[in-house]
Amino acid sequence: MMEGHRLDPADWDAFSEALEDAARACADRLRHARDLPWQPPPPDMADRVALDEVAAGDPGVIDAILRDIVPYSTGNTHPRFFGWVHGTGTPLGVAAEMIAAAMNANMGGRDQGGAHVERAVLSWLHRVAGWPPDASGLLTTGTSQATILALSCARMRAFPKVREQGIGALPPLRVYAAEGAHSCVKKALEVMGHGSVALRGISAPGGRMDVDALSQAIAEDRAEGWSPLAVVGTVGSVNLGTFDDLSALADLCAAEDLWLHADAAFGFWTRLADLPWRDLSVGIERADSLATDFHKWMSVPYDCGAVLIRDHDLHLSTFRERPAYLSEGQALAGGEWWATDYGFDLSRGFRALKVWATIRGLGTDALGAQITDNCRQAAYMGELAEASDVLDLAAPVVSNLCVIRPRRGEAAAIAAELQLSGDAVFSTTLVDGVSCLRAAIVNHRTTRADVERAVRAVEQVIRSA
Ligand SMILES: *Cc1c(COP(=O)(O)O)cnc(C)c1O
């Protein structure tokens, strides 16, 4: 092969055909998702994919992907996958990903159409959140990254010299979150250099942060020389799907001059649902920052999340850095909105396209109806558990999570058996120290019949043990 042609196909017609075949295989996989539950990787998986002799290249690599890799995914495209909080993705998202890859846009900056697409997504998010149109934000890999960006802005507001001086010049900081808040908050504080001591867990009876206990903790910390920085409100807890009282947290943060961050990774999307779920996050319109995920309940293919920052200037001052080779100019070097000014990635993919296509292509009526369906399905699963003679409902169903306590047997063993049989995927959690089966329904393929079948399968495993 010749210079300038080494990495493009030698035969474009053959390539187009191969691409069409691959596209058809992808569409078939999604069309038949119901027949394709989780498959554990075969024992020789590592050998199959090892990159030992690669000098010559493998013209059959697309077939190898379809044969050796595709079947062994986690199965979150299947309608009875309820484990953790894994999004299902959509066929439209697959198409958008392919087109984005063909454009190969680097979304760090520059004057390009994609920047307008990302800003359109952020504006839409501001409206869903009930925030003013001049607020800021950025698409991220997920809520974990969004949390680091949000808490960095909080720190910048309290300590405007932190970028030059570093954290050695700061008093010991404290951030508050409900016990059981997602581990990404702890990790963010560790990455930011404050250590996990900077996180103080507040008791959360019934899954809701105790606001009096929070107020007391802040007073105690101030008296002991800590510098309270922020409160993280949980908008949909991973354990039980519960929501903190954001209005009460916003009042307290206003009185104490603290930053209010909302971890709304999946719970944010109840704002598109019917009542009563739509009102679960009331108060989020008053938060200073918010993190959410598109790759969970919005069915956008992995990965994409978002951070919203209310104060646009503060957001810029926290991250903007333009060395000479990135300085503003004309044409491609122009454009007023550069994503890299709002986060720490310079090179970034065109995640915005699959999100934009999902919102525009599927529409908020359908997306909202699906969120409502999932909440109803979780409630139905709760009813079935309550009516069962081998199961108990471990906690009230608030949104799309249902946690079931088996009266006999080990939850982990039951979950493993169901995963291996392909009947259903539950994950497990502890409620009051007892191991339970947990279903987080963020799945647009799930039906009531799937919920019933999954619960019957659990009962069957317990009875036959
Ligand atoms: C999933 C989740 C996170 C972490 O988000 P990633 O997108 O996985 O980084 C944080 N908080 C909650 C409540 C979550 O459900």
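Numbering of the sequence shown is given in the working numbering, commencing with residue 2 and proceeding in unit increments.
We put the beta carbon where it would ideally sit given N, CA and C, even for glycine.
message: Quick check: what's the CA-CA separation for lysine 187 versus glycine 196?
response: If you take the alpha carbons of lysine 187 and glycine 196, they lie about 8 Å apart.
query: How is valine 233 classed by DSSP in three states: helix, strand or coil?
result: strand
Residues near alanine 251 by beta carbon distance below 6 Å, same chain, minus five either side: Excluding residues within five positions, the ones whose Cβ falls inside 6 Å are Leu261, Gly284, Arg287.
- request: Compute the beta-carbon to beta-carbon distance between tryptophan 39 and serine 428, rounded to the nearest angstrom, for a pair I have assumed lies under 8 Å.
  value: With a Cβ gap of about 12 Å, tryptophan 39 and serine 428 do not count as contacting.
- prompt: Is it the case that the CB of serine 145 approaches a heavy atom of ligand 1 more closely than 7 Å?
  reply: yes
message: Please state the DSSP three-state secondary structure of alanine 97.
response: Residue state, collapsed to three classes: helix.
task: For lysine 162, count neighbouring C-beta atoms within 10 Å of its own C-beta (all shown protein chains included) and say buried if the count is 16 or more, exposed if not.
output: exposed
query: What's the call for valine 435, buried or exposed, on a 16-neighbour Cβ count within 10 Å?
result: exposed
- request: Return the CA-CA distance between valine 356 and aspartate 304, expressed in angstroms with no decimal places.
  value: 10 Å
query: Which residues in the same chain have their Cβ closer than 8 Å to the Cβ of arginine 25, if we skip the five residues on either side of it in sequence?
result: none
message: Just to confirm the assignment: which complete beta strand (DSSP E) runs, minimum length 3, are found wholly within the stretch 96–174?
response: 137–141
- prompt: CB-CB under 7 Å to threonine 365, same chain, minus the five flanking residues each way: which ones, in chain order?
  reply: Leu273
message: For serine 465, report the span of its alpha helix (DSSP H) as first-last.
response: Where serine 465 is concerned, the enclosing alpha helix (DSSP H) stretches over 449–465.
message: Judging by CA-CA distance, which residue of Thr144, Ser145, Ala121, Phe82 is the nearest neighbour of proline 134?
response: Ala121
message: Is the separation between the beta-carbon of valine 462 and that of leucine 431 shorter than 8 Å?
response: no
CA-to-CA distance, arginine 408 to proline 43, given in whole angstroms: 34 Å
- prompt: How would you write the range of the alpha helix (DSSP H) that serine 318 sits in, first residue to last?
  reply: 313–320
query: Which residues in the same chain have their Cβ closer than 6 Å to the Cβ of arginine 464, if we skip the five residues on either side of it in sequence?
result: none
message: Following a CB-centred definition, is histidine 183 positioned closer than 7 Å to any heavy atom of ligand 1?
response: yes
field: Rounded separation between glycine 306 and glutamine 146 - CA only
entry: 8 Å
field: Three CB pairs or more closer than 8 Å across the stretch 70–81 and the stretch 444–456
entry: yes
message: ligand 1 and aspartate 264: does any heavy atom of the ligand fall closer than 7 Å to the residue's C-beta?
response: yes
- prompt: In this structure, does DSSP put aspartate 433 in helix, strand or coil?
  reply: coil
task: Confirm the yes/no value for this check: CB of leucine 355, any heavy atom of ligand 1, distance under 7 Å.
output: The sequence shown places lysine at residue 355, rather than the leucine named in the question. Incorrect: lysine 355 has no Cβ contact closer than 7 Å to ligand 1.
- request: Indicate, with yes or no, if ligand 1 has a heavy atom lying under 7 Å from the CB of valine 239.
  value: Yes.
message: Helix, strand or coil, according to DSSP, for phenylalanine 82 in the structure here?
response: The answer is strand: DSSP assigns phenylalanine 82 an E or B state.
field: Beta-bridge partners of histidine 262, as assigned by DSSP
entry: Val233, Ser290
Buried versus exposed call for arginine 111 [16 or more other C-beta atoms within 10 Å across all chains shown]: buried
First and last residue of the uninterrupted beta strand (DSSP E) at arginine 201: 200–203
message: If contacts are defined as beta-carbon pairs under 8 Å, then histidine 316 and serine 137 qualify, I think. What distance do you get, rounded to the angstrom?
response: 4 Å
query: Sorted by chain position, which residues of the same chain lie with C-beta nearer than 7 Å to isoleucine 63's C-beta, five sequence neighbours on each side aside?
result: Ala19, Ala23
query: Contact between the stretch 369–386 and the stretch 148–157: three or more CB pairs below 8 Å?
result: With fewer than three CB-CB distances shorter than 8 Å, the stretch 369–386 does not count as touching the stretch 148–157.
message: Give me, in chain order, the residues of the same chain whose beta-carbon lies closer than 8 Å to that of valine 301; leave out the 5 immediate sequence neighbours on both sides.
response: Counting only Cβ-Cβ distances below 8 Å, and skipping sequence neighbours, we find Gly88, Gly90, Thr91, Gly94, Phe295, Lys355, Val356, Thr359.
- prompt: From this set, Ser400, Trp270, Trp227, Arg439, which residue's C-alpha is nearest valine 129's C-alpha?
  reply: Trp270
C-alpha distance - phenylalanine 320 paired with threonine 141, whole-angstrom precision: 14 Å
message: Going residue by residue through the stretch 365–409, where are the continuous alpha helix (DSSP H) segments of at least 4 residues, counting only ones entirely within it?
response: 365–388
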